[in-house]
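Under my numbering, read the sequence shown as residues 123 to 568, first letter to last.
Beta carbons: idealized from backbone N, C-alpha and C, even for Gly.
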Amino acid sequence: MSFIAIDRVSIQPNRRPLNDQKVAELMQSIKANGLLNPITLDQNFNLVAGLHRLTACKLLGLEQIEYRIIAYQDVDHARLAEIDENLIRNELEALERAELWLERDQILERIGLRAQSGENQYTKKGGESISPPPKTTVQLAQEAGYNKRTYQLGKQIAKNIDPEVKEVIKKTPIAKSHSTLLKIARAGSKEREQAEQAEQKAQEAKHQQKQEEMETQAKLAAEARTKLKEKQLIALQSSTAQKQAKQSIRSARTQVEKKINTTPILPGAELGDEWILGRHLIYCGDTAEDKFIGLLPSNAALAIATLSFEWNHDYLIDEAHIVAVLAREGHIQDFCARHRMPFRFEWVLGELYVGIYSQDPILKPEKPVGIEGVEGIVAYLISLYTKHDNFILTPSLGHAEVLIACERMGRICFAGDKATENVDRAIARWQKWTGQEAKKEKHCYT
Numbered sequence: 123m124s125f126i127a128i129d130r131v132s133i134q135p136n137r138r139p140l141n142d143q144k145v146a147e148l149m150q151s152i153k154a155n156g157l158l159n160p161i162t163l164d165q166n167f168n169l170v171a172g173l174h175r176l177t178a179c180k181l182l183g184l185e186q187i188e189y190r191i192i193a194y195q196d197v198d199h200a201r202l203a204e205i206d207e208n209l210i211r212n213e214l215e216a217l218e219r220a221e222l223w224l225e226r227d228q229i230l231e232r233i234g235l236r237a238q239s240g241e242n243q244y245t246k247k248g249g250e251s252i253s254p255p256p257k258t259t260v261q262l263a264q265e266a267g268y269n270k271r272t273y274q275l276g277k278q279i280a281k282n283i284d285p286e287v288k289e290v291i292k293k294t295p296i297a298k299s300h301s302t303l304l305k306i307a308r309a310g311s312k313e314r315e316q317a318e319q320a321e322q323k324a325q326e327a328k329h330q331q332k333q334e335e336m337e338t339q340a341k342l343a344a345e346a347r348t349k350l351k352e353k354q355l356i357a358l359q360s361s362t363a364q365k366q367a368k369q370s371i372r373s374a375r376t377q378v379e380k381k382i383n384t385t386p387i388l389p390g391a392e393l394g395d396e397w398i399l400g401r402h403l404i405y406c407g408d409t410a411e412d413k414f415i416g417l418l419p420s421n422a423a424l425a426i427a428t429l430s431f432e433w434n435h436d437y438l439i440d441e442a443h444i445v446a447v448l449a450r451e452g453h454i455q456d457f458c459a460r461h462r463m464p465f466r467f468e469w470v471l472g473e474l475y476v477g478i479y480s481q482d483p484i485l486k487p488e489k490p491v492g493i494e495g496v497e498g499i500v501a502y503l504i505s506l507y508t509k510h511d512n513f514i515l516t517p518s519l520g521h522a523e524v525l526i527a528c529e530r531m532g533r534i535c536f537a538g539d540k541a542t543e544n545v546d547r548a549i550a551r552w553q554k555w556t557g558q559e560a561k562k563e564k565h566c567y568t
């Protein structure tokens with residue numbers, strides 16, 4: 123049994139990130155039972171395996187830790203052992219695992235133990251020393267416990283996702299989803315190809331000592347990489363929004379609506395009324411008129427209009443960063459003829475046309491999958507373009523889809539409708555959903 127002072131252990135900078143929960147669990151275990159498994163070091167006291175155990179002991183105030191030494195011929199072999207240790211423990215998220223697969227592949231290639239495509243691993247000539255034959259992709263996949271295709275796609279994820287995008291993904295649910303990570307990795311494939319071509323030309327110009335050409339190609343490569351990162355970020359945001367929207371709809375369908383002890387107010391809305399519903403406001407009246415516009419906050423993140431009325435609402439583009447218009451067949455032509463808002467992109471989701479408008483350029487995400495119906499699309503748009511406590515505007519209530527989604531997702535809704543029956547229905551639905559009473563007020567938010 124060998125012990126070493128904790129402060130003598132060297133930790134290399136490319137370690138996988140710590141899992142705080144795992145460290146806390148290890149601290150409890152070490153307190154109760156002591157350290158059951160020693161950490162692994164190389165001959166230079168560099169940590170090979172056991173970062174969580176080492177951290178737990180350090181946080182417990184221990185000065186020494188039990189260790190075992192495995193001698194490696196160089197840094198690459200030591201790192202391979204560390205990677206294998208992490209892969210064997212099988213506590214990795216999909217993104218972490220993919221990064222380790224790629225790094226392991228690169229190290230094996232560097233030390234001559236990675237078979238190249240089309241190469242016979244058993245007839246390749248080596249040096250005088252005897253070494254194992256290079257490993258094929260199939261062998262590496264089998265060692266990892268996966269098939270060849272999954273292994274190759276995993277390396278594609280690790281190689282193609284921008285480093286900054288990876289940092290955003292880490293410690294989120296997306297990091298666990300192989301299929302979503304692959305979708306993000308494939309976003310911006312055109313820009314990736316442009317960047318790689320420009321980078322290759324820049325290297326050629328450097329070797330030929332063509333300074334101006336090298337700088338031009340380097341600039342083109344940097345621009346393409348920036349666009350690639352932007353497209354991958356919007357793919358990440360869209361995937362996250364789809365996940366949140368589906369969860370929101372599922373929770374809405376399973377939630378038992380609350381009952382209030384007293385009889386809820388029967389709205390009986392009249393034109394000109396302003397109703398306060400918790401943090402939300404509903405105006406009963408023409409939402410194209412100045413009175414409603416004067417009630418709106420000037421910094422709304424999103425406006426969602428479900429078309430069932432004559433369009434006179436271009437003002438929304440000045441009140442919200444993004445305007446989303448949902449229309450069914452029969453309303454699209456009139457809307458397109460009337461509006462003058464800056465168009466960005468459109469989708470057709472099921473039976474609904476969705477148009478996105480903004481003063482600022484917006485990248486178009488891939489068409490969302492499995493998101494249909496007004497409630498699903500509203501939840502997706504809110505997840506994609508807003509954050510908690512953001513303002514959302516809607517100039518028509520419909521069946522209160524936007525209002526209820528805002529209540530459910532922690533946003534603040536400013537809504538209006540000149541049809542009193544729509545206002546009554548929205549208030550009644552909100553009261554039933556929340557178990558709270560709406561309050562009728564006048565001259566609020568002025």
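In this structure, the beta-carbon distance from Gly520 to Thr428 falls below 7 angstroms.
Around the CB of Met123, fewer than 16 other CB atoms lie within 10 Å, so the residue is classed as exposed.
In this structure, the alpha-carbon of Glu185 lies about 10 angstroms from that of Phe125.
For Gly276, the enclosing alpha helix (DSSP H) covers residues 270-282.
Apart from sequence neighbours up to five positions away, the residues of its chain that approach Lys323 with a beta-carbon distance below 6 angstroms are Gln339, ordered along the chain. Judged by their CB atoms, Glu313 and Ala266 are not nearer to each other than the 7 angstroms cut-off.
When the Cα atoms are used, Arg466 and Phe457 turn out to be separated by approximately 15 angstroms. Taking C-beta separations shorter than 6 angstroms and ignoring five residues to either side along the sequence, the partners of Pro419 in its chain run Phe513, following chain order. CA-CA distance, Ile356 to Lys292, rounds to 16 angstroms. Under the rule that a run must span 3 or more residues, the beta strand (DSSP E) segments found entirely inside the region 153-225 read 161-163, 169-171, 186-191. A straight line joining the alpha-carbon of Met149 with that of Gly172 spans about 13 angstroms. The C-beta separation of Thr508 from Ala446 comes to about 11 angstroms, leaving the pair out of contact by the 8 angstroms criterion. Here Ile205 has Leu222, Arg226 as same chain residues with Cβ atoms under 6 angstroms from its own Cβ, once five neighbours each way along the sequence are excluded. The distance from the Cβ of Tyr189 to that of Ala203 is about 14 angstroms, inconsistent with a contact at the 8 angstroms cut-off.
Here Trp433 carries a coil assignment [DSSP, helix/strand/coil].
When DSSP states are grouped into helix, strand and coil, Ala410 belongs to the coil group.
Of the other Cβ atoms in all chains shown, 16 or more fall within 10 Å of the Cβ of Gly276; this residue is therefore buried. For Met531, the closest alpha carbon among the candidates Ala367, Ser151, Glu207 is that of Ala367. Ala522 and Leu303 have their C-alpha atoms some 34 angstroms from each other. In this structure the region 495-502 lies against the region 458-477, because at least three pairs of beta carbons, one per stretch, are closer than 8 angstroms. Judged by DSSP secondary structure, Ile514 falls within the beta strand (DSSP E) whose first and last residues are 513-516.
DSSP, reduced to helix, strand and coil, places Ile233 outside both helices and strands of the structure shown, so it counts as coil.
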